[in-house]
Amino acid sequence: MRFKLLFFSLLIATLIACKTDTQNPETEPSTEEEQSKSITRKEIEGLKYNDYGLSSDAQQVVQNWQKYQELNTQIEYLKKADLSFLKSDISLITTFINDFKTEIPKALNTNEINSRITALQTKLLKLNSLLVLDNISKKEQLYGLKEVFIAFSNLNLQINKKLEFEKNNITKPQ
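Position 28 of the sequence shown, counting from 1, maps to 607 under this note's numbering, and the rest follow consecutively.
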C-alpha cells in the first residue's frame with residue numbers, strides 16, 4: 580500500500596513539473612536585433628590603433644603591385660563597414676592572398692615583409708570566420724577588424740622601414 584501511494588505521489592509530482600506551455604513558440608530575430616548585430620561605420624571609426632600609411636618612396640614601389648592596390652581598396656571598404664569581401668567564400672580570400680604573395684615586387688621580397696604578409700593572411704582568415712558565423716558577438720568581430728587593420732598597418736610600416744634602410748645606404752663593417 581505504501582509503495583502504491585509513493586508511486587502515485589511521484590507520478591503526480593512529475594506531471595505537475597512537466598512544462599505544458601506551448602503557447603510561446605520561439606520567434607525569429609527581429610530586424611532590430613539583426614541591425615544591432617551589424618557593424619556600423621561609426622563603430623569602426625571608434626577603433627583605436629596606429630594607422631601607418633606608405634611613404635612617397637613606398638607608394639612608387641607598390642604602384643605597379645596590383646594585388647596591393649586591391650588589398651588597399653578592400654581595407655578602405657572595411658573602414659566604411661562594407662564587409663562583403665570578407666564575408667565571401669574562404670577560397671576567394673586564400674586565392675587572393677596567394678596571388679598577393681606571388682606578385683610581390685622583388686625590391687620588397689624580404690623575410691620581414693613576408694612575415695607581415697603571413698600575419699595579415701592569418702588575421703584576414705580569422706576575421707572571415709568571425710564574420711561568417713552567426714553566434715559570434717559584435718565585440719569579437721570588431722576586435723577581429725581591428726587586428727586586420729593593425730596587420731595591414733604593420734605591413735605598411737615594414738615596407739617603409741625597408742625602403743628607408745635602403746635609402747640611408749648604411750654599409751656594414753667587414
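All C-beta atoms in this analysis are idealised placements derived from N, C-alpha and C, irrespective of residue type, glycine included. Since the model is a prediction, treat every value here as computed from it, not as a measurement.
Cα-Cα separation, I669 to E745: Reading the sequence shown from its first residue, position 90 is the one you call residue 669. Reading the sequence shown from its first residue, position 166 is the one you call residue 745. Straight-line Cα distance between these residues: approximately 37 Å.
Evaluate the contact criterion for the stretch 681 to 693 versus the stretch 620 to 628: three or more CB pairs, one atom per stretch, below 8 Å. no
Looking only at C-alpha atoms, which of K741, T674 and L724 sits nearest to K646? For this step, residue 646 is matched to residue 67 along the sequence shown. If we check each option's Cα against that of K646, T674 comes out closest.
Compute the Euclidean distance between the alpha carbons of L671 and N707, then round it to the nearest angstrom. The residue labelled residue 671 in the question sits at position 92 within the sequence shown. The residue labelled residue 707 in the question sits at position 128 within the sequence shown. Cα to Cα, the separation comes out at about 11 Å.
Excluding the 5 residues preceding and the 5 following K633 in the sequence, name in chain order all residues of the same chain whose CB lies nearer than 7 Å to its CB. Against the sequence shown, residue 633 aligns to sequence position 54. Correcting the residue type first, residue 633 is Leu in the shown sequence and not Lys. Closer than 7 Å at Cβ, skipping near neighbours: V641, N735, I738 and N739.
C-beta contact flag for L699 and L662 at 8 Å: Numbered from its first residue, the sequence shown carries residue 699 at position 120. Numbered from its first residue, the sequence shown carries residue 662 at position 83. Not a contact, by the Cβ cut-off of 8 Å.
Going by other Cβ atoms of all chains shown within 10 Å of its Cβ, with 16 needed for buried, is E719 buried or exposed? Reading the sequence shown from its first residue, position 140 is the one you call residue 719. Exposed: under 16 other Cβ atoms inside 10 Å.
Skipping 5 residues on each side, what residues in its chain have a beta carbon closer than 7 Å to that of K717? Walking along the sequence shown from the start, residue 717 turns up at place 138. Cβ within range, chain order: K616 and I618.
Return the chain-ordered list of same chain residues with a C-beta closer than 8 Å to the C-beta of K666, the five sequence neighbours on each side being excluded. Taking the sequence shown and counting its residues from 1, one reaches residue 666 at position 87. N707, L710 and V711.
Could you give the C-beta distance for L724 and L657, rounded to a whole number, given that I count them as a contact under 8 Å? Residue numbering aside, residue 724 sits at position 145 when the sequence shown is read from its first letter. Residue numbering aside, residue 657 sits at position 78 when the sequence shown is read from its first letter. The Cβ separation is near 6 Å, so the contact holds.
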